[in-house]
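These notes concern the structure reproduced below.
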Amino acid sequence: MRFVITGAAGMLGQDVVAAARSAGHEVLALPRAELDISSRAAVEDALGAARADVVVNCAAWTNVDGAETSPEDALAINGAGAGNVAHAAAASGAWTIHVSSDYVFDGSKRSPYVESDVVGPVSSYGRSKLAGEREVEAEAPGRHTIVRSSWLFGAFGPCFPATILRLAAERDELMVVDDQVGCPTFTGHLAHALVKLATSRPLGVVHVAGGGDCSWYEFAREIVAGAGVSCEVRPCSTAEMPRPARRPAYSVLRSERGDEAPALAEWREGLVDYVAATREVSKT
Ligand SMILES: NC(=O)c1ccc[n+]([C@@H]2O[C@H](COP(=O)([O-])OP(=O)(O)OC[C@H]3O[C@@H](n4cnc5c(N)ncnc54)[C@H](OP(=O)(O)O)[C@@H]3O)[C@@H](O)[C@H]2O)c1
1 MRFVITGAAG
11 MLGQDVVAAA
21 RSAGHEVLAL
31 PRAELDISSR
41 AAVEDALGAA
51 RADVVVNCAA
61 WTNVDGAETS
71 PEDALAINGA
81 GAGNVAHAAA
91 ASGAWTIHVS
101 SDYVFDGSKR
111 SPYVESDVVG
121 PVSSYGRSKL
131 AGEREVEAEA
141 PGRHTIVRSS
151 WLFGAFGPCF
161 PATILRLAAE
171 RDELMVVDDQ
181 VGCPTFTGHL
191 AHALVKLATS
201 RPLGVVHVAG
211 GGDCSWYEFA
221 REIVAGAGVS
231 CEVRPCSTAE
241 MPRPARRPAY
251 SVLRSERGDE
261 APALAEWREG
271 LVDYVAATRE
281 VSKT
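Mapping of the sequence shown onto our numbering: position 207 corresponds to residue 207, and the numbering continues sequentially without gaps.
Written out as structure tokens, the structure is:
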């Protein structure tokens with residue numbers, strides 16, 4: 001198959017490019033410098049010329065706190081931009097795989113969120129991601145898969161494990177929030193799932209996230225323990241670490257779609273594979 005990947009220089013985008021190529025697909029990788037998805041005309045031109053079978057949209061405004069002060073900018077990319085990609089993909093006969101987020105939920109549940117659960121974002125970023133889902137549904141009816149994932153970490157991006165490893169090397173003690181629970185997801189694992197979904201093409205929303213769940217504090221402890229660094233990780237509450245954007249207190253994702261949703265490895269396994277992947281990347 002011929003893939004087009006937007007946002008191809010991002011953390012997930014780079015892993016999707018690699019996963020699609022390793023599965024033997026032809027890939028046109030479009031980083032932001034080559035395609036700005038907020039320009040409808042540019043997206044139409046690029047996808048019209050690409051003759052893709054599948055377009056995987058990894059492009060997004062991902063600065064969650066920054067979206068609070070720049071909601072229009074976040075919406076232009078995560079909302080209208082997602083619609084531009086889906087519209088042009090459908091017009092060219094391609095299937096859209098669009099990446100969305102656990103932050104479309106308000107976090108008030110205490111059991112895993114499934115695809116049919118009621119959405120209710122509590123941040124500007126979450127609202128922009130939900131707008132993107134609506135745009136994709138409207139612009140590519142019958143020709144899209146929306147993949148909600150969560151707490152991404154990967155070898156090609158600034159991410160939580162990278163930050164924790166840096167801070168743990170500098171400090172004796174770290175405070176990490178213990179009252180937000182989710183599913184850390186290794187982008188290397190998610191990327192392979194996205195490539196599989198390009199073949200199976202389930203219509204609509206599918207939840208794909210790392211197995212198991214934990215708080216940021218538990219995640220940080222595992223990262224520091226695995227690195228063998230002597231740094232004490234201590235739990236704290238979200239109220240003790242205020243941030244501009246509200247985060248859902250609980251955003252564990254599971255799927256009710258059975259075999260249609262690829263199951264990913266447990267997050268601890270993701271962490272092990274992340275460490276190995278970062279070593280490989282640092283060699284290049
Ligand atoms: N990170 C997470 O924890 C998380 C959790 C759930 C879902 N997601 C979703 O997963 C997807 C991938 O995110 P990621 O973590 O890989 O983020 P990322 O590393 O920030 O990648 C996003 C990419 O999109 C590019 N981009 C931004 N605006 C664009 C535009 N107007 N046109 C084209 N490209 C543009 C960015 O380029 P610049 O860097 O040059 O701006 C960046 O390369 C996103 O849809 C995100 O919402 C992420």
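Note that beta-carbon positions come from the ideal geometry of N, C-alpha and C, so glycine has one too.
Beta-bridge partners of residue i, as assigned by DSSP
| i | result |
| --- | --- |
| P235 | V176 |
| E266 | G211 |
| F156 | DSSP lists no partner for F156. |
| F186 | F153 |
| Y103 | The partner list for Y103 (beta bridge, DSSP) is empty, contrary to what the question assumes. |
| Y4 | Per the sequence shown, residue 4 should be read as Val rather than Tyr. Note: V4 sits in a beta bridge opposite L28 and V55. |
| I146 | H98 and V205 |
Test item: CB-CB of residue i and residue j under 8 Å
| i | j | result |
| --- | --- | --- |
| A29 | A59 | no |
| S251 | Y113 | yes |
| T199 | L264 | no |
| A76 | S101 | no |
| V195 | A50 | no |
| E222 | R279 | no |
| L190 | L47 | no |
| V181 | A220 | no |
| S92 | A52 | yes |
| V208 | S116 | no |
| S123 | A67 | yes |
| A277 | A162 | no |
| P202 | E260 | yes |
| L174 | R243 | no |
Per-residue DSSP class, three states only, for residue i
| i | result |
| --- | --- |
| T284 | coil |
| N78 | helix |
| I37 | coil |
| V118 | coil |
| N57 | strand |
| W95 | strand |
| E26 | strand |
| V275 | helix |
| V181 | strand |
| G204 | strand |
| V252 | coil |
C-alpha distance - residue i paired with residue j, whole-angstrom precision
| i | j | result |
| --- | --- | --- |
| E72 | R40 | 16 Å |
| A225 | C159 | 17 Å |
| A245 | S22 | 37 Å |
| G132 | G81 | 8 Å |
| W216 | R247 | 12 Å |
| V56 | L271 | 24 Å |
| N63 | K129 | 12 Å |
| A193 | A94 | 18 Å |
| D15 | T284 | 15 Å |
| G210 | A33 | 30 Å |
| E26 | C231 | 45 Å |
| V99 | F153 | 14 Å |
| R290 | V43 | Residue 290 lies beyond the range of the chain shown here (1 to 284); nothing can be said about it. |
| P31 | V275 | 25 Å |
| G258 | E218 | 28 Å |
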